[in-house]
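*Asks:*
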Amino acid sequence: MNSNKSKKSWIAIGIAVILGWFGVNKIIEVTSAYSAHQKTLVDVKSLADSNNNINNIPNLETLKSTQANIQQSISKLKEIPNLPGYPYQDAQNKITNLNDILAKIDSKIKIEDEALVNLQTAQRLDSEAAKLVQDKSYSKSWQEARTKWEQSISLLKKISAGTFVSDTAKLGITAVERNFSDVGTFITGEEKSLQNFSAGVEAAQRAFYFTKDTTNITLPDLLNAKLQWQQAINSLAQVATNSHLSTQLQSQLGAYRNNYREVSKAIDDIKKCTSQNTSSEISCTQSISLLNITKPETLTALLPSPPTEEPVVASARDFDHSSSRLSDSYGDTESSDYTDYSGGSNYSSYSSGSRVYVSGYTRSNGTYVSPHYRSSPGRASGFGSFRSGGSSS
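Take 306 as the starting number for the sequence shown in our numbering and just add one per residue.
#1: If you compare alpha carbons, which of Asn501, Ala450 and Glu419 is closest to Leu464?
#2: Mind checking whether Asp431 and Ser457 have CB atoms under 9 angstroms apart?
#3: Using the Cβ count rule (16 or more neighbours within 10 Å means buried), how would you classify Val488?
#4: Classify Gln543 as helix, strand or coil using the three-state DSSP reduction.
#5: Should Gln543 go down as buried or exposed, given a rule of 16 or more other Cβ atoms within 10 Å for buried?
#6: Throw me the rounded Cβ distance for the Arg511 and Gln533 pair, which I believe falls under 8 angstroms.
#7: Within its chain, find whatever has a CB closer than 8 angstroms to the CB of Asn374; leave out the 5 residues flanking it on each side and keep chain order.
#8: Buried or exposed, going by whether 16 or more other CB atoms sit within 10 Å of the CB of Glu417?
#9: In angstroms, rounded to a whole number, what distance separates the CA positions of Glu784 and Leu403?
#10: Ignoring anything shorter than 4 residues or poking outside the region 496 to 546, list the alpha helix (DSSP H) runs there in chain order.
#11: Taking three-plus beta-carbon pairs below 8 angstroms as touching, is the region 540 to 559 in contact with the region 494 to 511?
#12: Return the CA-CA distance between Leu424 and Arg483, expressed in angstroms with no decimal places.
#13: Taking the alpha-carbon positions, what's the Ser540 to Ala509 distance?
#14: If Gly700 and Ala450 are in contact, beta carbons under 8 angstroms, what's the gap, nearest whole angstrom?
#15: Where are the alpha helix (DSSP H) runs, 4 residues long or more, that stay fully inside the region 416 to 465, in chain order?
#16: Answer yes or no: do Val349 and Ser378 have a C-beta to C-beta separation smaller than 9 angstroms?
#17: Which of helix, strand or coil does DSSP assign to Glu384?
#18: Are there 16 or more other CB atoms within 10 angstroms of the CB of Glu366, so buried, or fewer, so exposed?
#19: Below 7 angstroms CB to CB, which residues in the same chain sit around Cys589 once its five sequence neighbours on both sides are set aside?
#20: Please say whether Leu388 and Ile400 have beta carbons closer to each other than 9 angstroms?
#21: How would you write the range of the alpha helix (DSSP H) that Gly717 sits in, first residue to last?
#22: Under the assumption that Ile572 contacts Lys531 (Cβ atoms under 8 angstroms), give the Cβ distance between them as a whole number of angstroms.
#23: Measure the C-alpha to C-alpha separation of Ala560 and Pro601 and round it to an integer number of angstroms.
#24: For the candidate residues Ser444, Asp395 and Ser412, whose alpha-carbon lies nearest to that of Leu260?
#25: How many Å lie between Asn360 and Gln376 at the Cα?
#26: Going straight from the alpha carbon of Gln581 to that of Pro525, what length do you get?
#27: Of the choices Gln394, Asn529 and Ser498, whose alpha-carbon is the least far from that of Asn547?
#28: Provide the residue span of the alpha helix (DSSP H) that contains Lys576, from first to last.
#29: Express the C-alpha separation of Leu608 and Phe491 in angstroms, rounding to a whole number.
#30: Can Gln448 and Ile414 be called in contact, C-beta distance under 9 angstroms?
#31: Under a Cβ-count criterion, where at least 16 other Cβ atoms within 10 Å of its own Cβ denotes burial, should Val481 be classed as buried or exposed?
#32: Enumerate in chain order the residues of its own chain whose CB-to-CB distance from Tyr565 is below 7 angstroms, with the five nearest sequence positions on each side excluded.
#33: Mapping DSSP to helix, strand and coil, what is Ser585?
#34: How long is the line joining the alpha carbons of Ile410 and Ser355, rounded to whole angstroms?
#35: Whole angstroms are fine: how far does the CA of Thr603 sit from the CA of Ser486?
#36: Span of the alpha helix (DSSP H) holding Thr741?
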């Protein structure tokens with residue numbers, strides 16, 4: 306009995322000595338820290354188990370949140386001391402496991418951030434391109450729009466498959482490639498019309514040269530003039546009637562055809578004169594008067610100096626995932642509705658049957674496209690199908 310009392314006394318004395326050495330507060334602090342370390346280990350196990358497959362993380366925001374949680378957990382694990390009774394080794398093992406997961410998450414975030422930047426830049430370029438061709442007169446801005454759509458396509462194609470925005474990028478590629486194709490067809494048609502028109506005007510100048518001296522016209526001159534007038538008419542006939550040169554086309558084509566008839570009549574008269582009379586060709590030619598030949602306008606006169614164009618600047622509020630569908634002015638026009646490739650859309654369209662004023666502009670090869678009126682392609686903003694009206698095909 307006395308022995309038990311003695312043991313209890315010694316235990317009480319020991320506890321008193323320990324409390325005296327460390328203090329009550331210190332003991333409580335150590336105990337709390339140990340409990341916190343144990344809880345950290347439990348939480349870390351749950352965190353690691355739920356993120357072993359990072360492909361299950363649904364979006365970039367959650368991915369970055371998980372990255373922050375893992376970084377915080379590693380910091381807490383590093384606080385576990387290497388002392389007897391502490392789960393130091395268990396903590397080190399979990400740090401290694403979390404670092405492996407963190408490396409994968411860091412790599413995926415880098416890929417996702419790059420993909421998002423490419424997508425946002427592509428959307429901005431698309432919006433800028435749409436603004437350049439929307440409610441604007443046809444000018445060099447259309448070629449700038451084509452370049453921007455080309456850059457947008459390049460960025461969208463850089464987005465890796467399996468990223469959070471890859472599906473959106475695929476829809477964007479389809480939409481912008483159609484924009485790029487349409488505006489390219491439109492520009493190609495306009496340039497081809499300009500080439501044909503220029504060739505026709507130049508042929509008309511050569512034709513007029515052969516008959517400008519009405520006092521000294523020969524049959525060979527008339528034959529050459531007729532050939533050149535025919536070439537001029539043929540070239541102008543290849544100019545699209547809805548091109549930016551439609552007004553000049555109509556005014557010149559009528560004059561060229563009249564001149565062709567006058568020269569043809571003079572040739573017939575000379576041939577008739579020489580066949581019916583003994584007169585020489587020279588005397589027959591001298592009797593011909595080409596009073597109805599209209600002097601053709603020069604290319605410079607038809608294509609005056611271009612005005613200075615102000616740059617088009619798209620504001621931030623215009624960068625709303627918009628794009629445009631340009632009706633093919635030189636081919637068949639399909640019709641379809643569309644939805645914005647990122648989930649919503651706003652329509653901003655103008656009628657494909659309207660006429661717009663086209664400012665003059667200088668092409669890269671130095672030739673000039675004169676101001677004019679022409680039919681405007683139908684368009685509506687938004688990544689998606691941009692063909693005006695109708696249902697998706």
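Ideal Cβ positions, reconstructed from N, Cα and C, are used throughout, including at glycine.
Predicted model, so just to flag it, every value in this text is computed and none were measured.
*Replies:* The structure says:
#1: Going by the sequence as given, residue 464 is Ile instead of Leu. Cα-wise, what sits closest to Ile464 is Glu419.
#2: yes
#3: Residue environment analysis places Val488 among the buried positions, since at least 16 neighbouring C-beta atoms fall within 10 angstroms of its C-beta.
#4: Judged by DSSP in its simplified three-state form, Gln543 adopts coil rather than helix or strand.
#5: Residue environment analysis places Gln543 among the exposed positions, since fewer than 16 neighbouring C-beta atoms fall within 10 angstroms of its C-beta.
#6: 5 angstroms
#7: Leu352
#8: buried
#9: The shown model of the chain, from 306 to 698, leaves out residue 784, and the question about it has no answer.
#10: 524 to 542
#11: yes
#12: Their Cα atoms are separated by approximately 17 angstroms.
#13: 10 angstroms
#14: Residue coverage of the chain in this structure runs from 306 to 698, which leaves residue 700 outside it and unanswerable.
#15: DSSP runs (the alpha helix (DSSP H)) wholly in the region 416 to 465: 446 to 462.
#16: The beta carbons of Val349 and Ser378 sit closer together than 9 angstroms.
#17: coil
#18: exposed
#19: Ile575, Cys578 and Thr579
#20: In this structure, the beta-carbon distance from Ile400 to Leu388 does not fall below 9 angstroms.
#21: The structure shown does not extend to residue 717, since the chain is modelled only from 306 to 698, so the question has no answer here.
#22: 6 angstroms
#23: 8 angstroms
#24: Nothing can be reported for residue 260, as the shown portion of the chain is limited to 306 through 698.
#25: 19 angstroms
#26: 20 angstroms
#27: Ser498
#28: Ser551 to Gln581
#29: 20 angstroms
#30: no
#31: buried
#32: Lys531, Trp534, Gln535 and Ile538
#33: coil
#34: 13 angstroms
#35: 34 angstroms
#36: A question about residue 741 goes unanswered here, because the residues of the chain that appear run from 306 up to 698.
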